[in-house]
Ligand code: GLY
Ligand code: MN
Ligand code: MN
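Residue numbers (the numbering used here): 2 to 441.
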């Protein structure tokens with residue numbers, strides 16, 4: 002898709018954001034909305050900033066992700082105005098005013114002095130302010146919970162523009178993953194794999210939607226493994242990479258797992274891949290995502306049984322809490338402007354909560370699926386010391402084949418994660434499609 006047609010989709014997207022905001026402001030008694038892009042915090046006792054991460058509410062309106070201190074002002078019935086921060090600063094290069102067709106849909110106003118901003122909303126009536134930082138004068142409510150709740154609930158359903166941005170983010174991620182796999186096969190260290198990933202998707206680390214997880218061997222058992230070893234291990238057994246990319250502020254979130262050679266672990270990856278594809282096919286309209294999560298436990302429980310790790314069926318393993326020993330996290334989450342997009346456990350616009358199933362405290366998404374909702378599907382099987390120790394001391398001990406555990410523990414774990422769009426029918430798998438485009 003050309004930039005021009007993406008910009009056309011942006012116009013429709015902006016109209017949807019306006020319509021949703023009009024309804025939300027009316028329901029909560031506000032006349033206008035001011036959204037602050039935010040600014041990076043300064044490090045303690047230093048004059049250096051932390052990396053800047055734009056307020057997701059701001060980038061929902063405009064694809065400006067790299068210029069702190071901007072503000073967006075919206076009054077129903079009028080064009081959104083963006084106060085575009087351009088300070089007189091000889092230490093830094095001020096951002097240049099965005100150009101391109103999308104900018105026709107908004108009014109861009111250069112702003113040299115952010116302290117003057119409040120005059121722009123002084124006459125707008127009751128003003129709601131949404132942002133992370135210091136609040137400028139003249140607003141009636143800051144991060145109003147009832148308003149945020151409505152905006153968050155609506156955001157789960159992505160517009161065609163947002164889905165197209167996520168296709169691009171998936172393409173970038175797929176490129177990074179391809180380069181990372183080649184580096185692993187060539188014997189690179191975790192750190193080198195990470196650097197190859199960044200180069201292949203042409204993103205700086207701070208532009209990624211989350212910190213890459215690049216884990217060899219036992220490190221793959223750490224769900225959010227955060228280190229990058231500078232030397233490759235003597236023996237490479239396994240490789241797990243969880244890495245995404247961003248396009249116009251929208252994220253991809255992709256995980257792949259590999260075995261260095263054939264054997265039971267490689268067989269388990271193949272079974273996991275088939276299981277993951279089955280779960281992706283469950284991303285259907287009017288489906289309760291909690292059911293997808295419980296289905297994952299049954300399917301993975303059967304996979305564990307098939308490779309000899311456990312001694313009962315998937316269904317029984319779920320009932321007994323046995324699957325959670327090896328699969329302790331949720332099957333996935335909402336994805337979009339944030340890697341864990343907001344609103345995952347909401348039941349309605351007013352902020353009602355849809356409960357997690359008992360015994361599944363880490364599930365981040367409990368909503369009903371509907372067309373436009375983008376989720377991840379990320380089953381995993383891991384060999385985590387603390388969970389294995391607890392299982393060894395608990396009632397499920399005899400249901401686990403501990404010789405298989407000992408055989409597989411040095412491989413750490415497996416996760417396979419795709420990003421999937423709920424449609425009116427067959428789900429769209431953004432990740433598999435991106436890898437296919439790359440292969441073609
Ligand atoms: N990369 C974080 C997650 O998969 O949820
Ligand atoms: Mn994820
Ligand atoms: Mn992930």
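Heads up, the beta-carbon is just placed ideally off N, CA and C, and yes, glycines get one too.
Everything numeric in this text was worked out from a predicted model, so none of it was measured.
Review point. What residues are listed by DSSP as bridge partners for residue 381?
Key: 416
Point to revise | First through last residue of the alpha helix (DSSP H) which encompasses residue 400 | key: Residue 400 -> no alpha helix (DSSP H), and no H or E assigned at all.
Point to revise | Exposure of residue 351, with buried meaning 16 or more beta-carbon neighbours within 10 Å | key: exposed
**Study point:** residue 382 classed as buried or exposed, judged by whether at least 16 other C-beta atoms fall within 10 angstroms
**Key:** buried
Check your understanding: Can you pull the DSSP bridge partners for residue 86?
Key -> 112
Exercise for review: Find the nearest neighbour of residue 228 within the set 190, 262 and 362, judged by alpha-carbon distance.
Suggested key: 190
Check your understanding: What is the C-beta distance between residue 417 and residue 379, in whole angstroms, given that I count them as a contact (C-beta under 8 angstroms)?
Key -> 7 angstroms
Review point. What did DSSP end up calling residue 277 once you bin it into helix, strand or coil?
Key: helix
Check your understanding: Within 10 angstroms of its Cβ, does residue 282 collect 16 or more other Cβ (buried), or is it exposed?
Key -> exposed
Point to revise | Cβ neighbours of residue 177 in the same chain (closer than 7 angstroms, five flanking residues each side left out) | key: 198, 201, 202, 244 and 246
Exercise for review: Using the beta-carbon of each residue, find all residues closer than 7 angstroms to any heavy atom of ligand 1 and list them in chain order.
Suggested key: 211, 214, 243, 245, 254, 256, 334, 340, 341, 377, 379 and 418
Review point. Tell me which same chain residues have a C-beta within less than 7 angstroms of the C-beta of residue 2, skipping the five on either side of it?
Key: 165
Exercise for review: Run the CB neighbour count on residue 122, radius 10 Å, all protein chains shown included, and call it buried at 16 or more, exposed below.
Suggested key: buried
**Study point:** CB-CB length for residue 370 against residue 335, believed under 8 angstroms
**Key:** At roughly 10 angstroms, the Cβ-Cβ gap does not stay under 8 angstroms, so residue 370 and residue 335 are not in contact.
Exercise for review: Rounded to whole angstroms, what's the CA-CA distance from residue 32 to residue 129? Just pull it up for me.
Suggested key: 8 angstroms
Check your understanding: Between 174, 102, 172 and 237, which lies nearest to residue 7 when the distance is taken from Cα to Cα?
Key -> 102
**Study point:** Paired residues, beta bridge with residue 73 - DSSP
**Key:** 36 and 83
Check your understanding: What residue from 430, 327, 415 and 292 has the CA that sits closest to residue 391's CA?
Key -> 327
Check your understanding: Start and end of the alpha helix (DSSP H) containing residue 17?
Key -> 4-29
Check your understanding: Do the stretch 395-414 and the stretch 282-299 meet, that is, are 3 or more Cβ pairs less than 8 angstroms apart?
Key -> no
Practice item. State buried or exposed for residue 387, treating a residue as buried only when at least 16 other CB atoms are found within 10 Å of its CB. Key: exposed
Practice item. Using 10 angstroms around the beta-carbon of residue 132, count the other beta-carbons present and answer buried if the total reaches 16, otherwise exposed. Key: buried
Review point. Got a sec? Which residues, its chain only, sit under 8 angstroms from residue 341 by beta carbon, not counting five neighbours each side?
Key: 334, 335 and 365
Exercise for review: Determine, using beta-carbon pairs with one atom in the stretch 33-40 and one in the stretch 62-81, whether at least three such pairs fall under 8 angstroms.
Suggested key: yes
Review point. Just how far apart, CA to CA, sit residue 236 and residue 398?
Key: 30 angstroms
Check your understanding: Going by C-alpha distance, which of 147, 13, 278 and 253 is nearest residue 435?
Key -> 253
Review point. Are the Cβ atoms of residue 179 and residue 439 separated by less than 8 angstroms?
Key: yes
Check your understanding: Could you give the residue range of the beta strand (DSSP E) that holds residue 243?
Key -> 239-244
Review point. Could you give the distance in angstroms between the alpha-carbon of residue 273 and the alpha-carbon of residue 415?
Key: 8 angstroms
**Study point:** Own chain residues within Cβ distance below 7 angstroms of residue 373, not counting five before or after
**Key:** 158, 159 and 423
Exercise for review: Spell out the partners DSSP gives residue 430 in its beta bridges.
Suggested key: 421
**Study point:** Exposed unless 16 or more other CB atoms sit within 10 angstroms - verdict on residue 163
**Key:** buried
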